[in-house]
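To start, the structure under review is shown below, and the notes come after it.
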Amino acid sequence: MEANRSSRAGVEQGTKMQEKETLDERLPNLFEPDTLLPIQYFEAMRKKHLLEGEKRLILSVLEDAVECFMKCIDAATNKGQRLFREADEWITHEDKRWVFSFDNVCDMLDINADYMRVGLNKWKERKIELIARGRAEAEAAAANPALLEPAAPTPAPQPAKVFAKPAAVYHREPEHRVRPTHASAKRRRARA
164 MEANRSSRAG VEQGTKMQEK ETLDERLPNL FEPDTLLPIQ YFEAMRKKHL LEGEKRLILS
224 VLEDAVECFM KCIDAATNKG QRLFREADEW ITHEDKRWVF SFDNVCDMLD INADYMRVGL
284 NKWKERKIEL IARGRAEAEA AAANPALLEP AAPTPAPQPA KVFAKPAAVY HREPEHRVRP
344 THASAKRRRA RA
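Numbering (the working numbering) for the sequence shown: 164 to 355.
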């Protein structure tokens, strides 16, 4: 039993020696500055900026798609209609196999893809209703021109003129004054 104790003591003492040696070896290194090559320092900084750049790229992909979706919904040109269709298909297609799919882009930006998809679809439905309502009103107005022009209000009766000024009383510009030659001045002279 005593031999067992001495062997345990020896093992414990050996372990303490190893800990002391490693502590003695490590202690001076704690107070010394880390030596880095400039390339190591700038590589770490570049990795940080790359992550920010990657997020900006992903965000710009999402922004471009949403902008095309919202601006081109009522496009009159073929290009605008194509951009809307492509953005709509990209948003509604649920696929995680492609790196730049709507679901993956939203995941990379910590956005709930389903929530955003539902919101964009609700916006699209409201916008389509507004467009349809506007077209229906335009067609109704074209069919009935009276709807285009608001009813002219009947003029209020004018009181009878009691006193009329003679024509000589009105002010006229002196002849020696130079008159402006721009278009608005010509229109004013034509009215006078």
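Just so you know, even glycine gets a beta-carbon here, dropped at the ideal spot from N, CA and C.
As the structure is a prediction and not an experimental result, all values here were calculated from the model.
The Cβ-Cβ distance between phenylalanine 265 and arginine 289 does not fall below 9 Å. Per DSSP, reduced to three states, the secondary structure at phenylalanine 263 is coil, with no helix or strand assignment. Take isoleucine 254, set aside five residues on each side of it, and the residues of its chain with a beta-carbon closer than 7 Å to its own are Ala228, Phe232, Phe265, Arg280, Leu283, in chain order. By the neighbour-count definition (other C-beta atoms within 10 Å, threshold 16), isoleucine 236 is a buried residue. Of all C-beta pairs linking the region 239 to 250 to the region 294 to 304, fewer than three are shorter than 8 Å, placing the two stretches out of contact. At the C-beta level, leucine 220 and isoleucine 274 stay beyond 9 Å of one another. Its Cα nearest to that of lysine 218, the residue Cys269 stands out among Ala299, Ile291, Cys269. When only Cα atoms are considered, glutamate 230 and alanine 353 end up about 50 Å apart. Residues Lys259, Trp261 of the same chain have their beta carbon placed closer than 8 Å to that of asparagine 267, with the five preceding and five following residues left out of the count.
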